[in-house]
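To keep things clear, I will list the structure first and then write my remarks on it.
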Amino acid sequence: MQNFRLIFLSLLIWGTFGCNEKPTDIITCNGTVSEGSIWVSISNNNQVTIGSSQFSESLLRSKHRLVKQSCESVIVMIQADKSAKNKVVYDTIQTIKAMGYQVAQ
């Protein structure tokens, strides 16, 4: 019964707010969680963003500082649309790695 309530509540919240929320850009830590993340998205028209903002090295640095305040480690997650150009994805990954950040795809 407890699981049913949790699932129903999750669906209700997602249905009510899910379509209106901004894209996730960071996940910070609390409790026993020690790894935070920054989400970089590459759209089908090859726009690279962090949340709803255009990607830039300075934006990534500021997001990294913010997540690092509550986390021991930070990973940059790349989420690319299947129509995104491979070169854009590759160049984005190389830029992030050159900045010294850990990247996951």
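Numbered by this note's numbering, the letters in the sequence shown go through residues 1393 to 1497 in order. Cβ atoms here follow ideal geometry from the backbone N, Cα and C, with glycine treated the same way.
With distance defined between alpha-carbon atoms, name the residue in the options nearest to residue i.
i	options	result
T1424	T1487, S1465, M1469 and S1448	S1465
A1496	M1469, R1453 and S1448	M1469
A1476	Q1446, G1428 and V1440	V1440
C1421	V1432, R1457 and T1487	R1457
A1490	Q1471, R1453 and N1478	R1453
S1374	Q1446, S1448, N1438 and Q1461	Coverage of the chain is limited to positions 1393 through 1497, which leaves residue 1374 absent and any answer about it impossible.
T1487	I1419, I1418 and S1448	S1448
Who are residue i's beta bridge partners in DSSP?
i	result
G1428	V1466
A1472	I1434
I1442	V1432 and S1445
I1419	S1429
A1496	M1469
Compute the beta-carbon to beta-carbon distance between residue i and residue j, rounded to the nearest angstrom, for a pair I have assumed lies under 8 Å.
i	j	result
D1473	N1436	4 Å
Taking only the alpha-carbon atoms, compute the straight-line gap between residue i and residue j and give it to the nearest angstrom.
i	j	result
T1416	L1451	14 Å
G1492	V1432	15 Å
C1463	Q1494	14 Å
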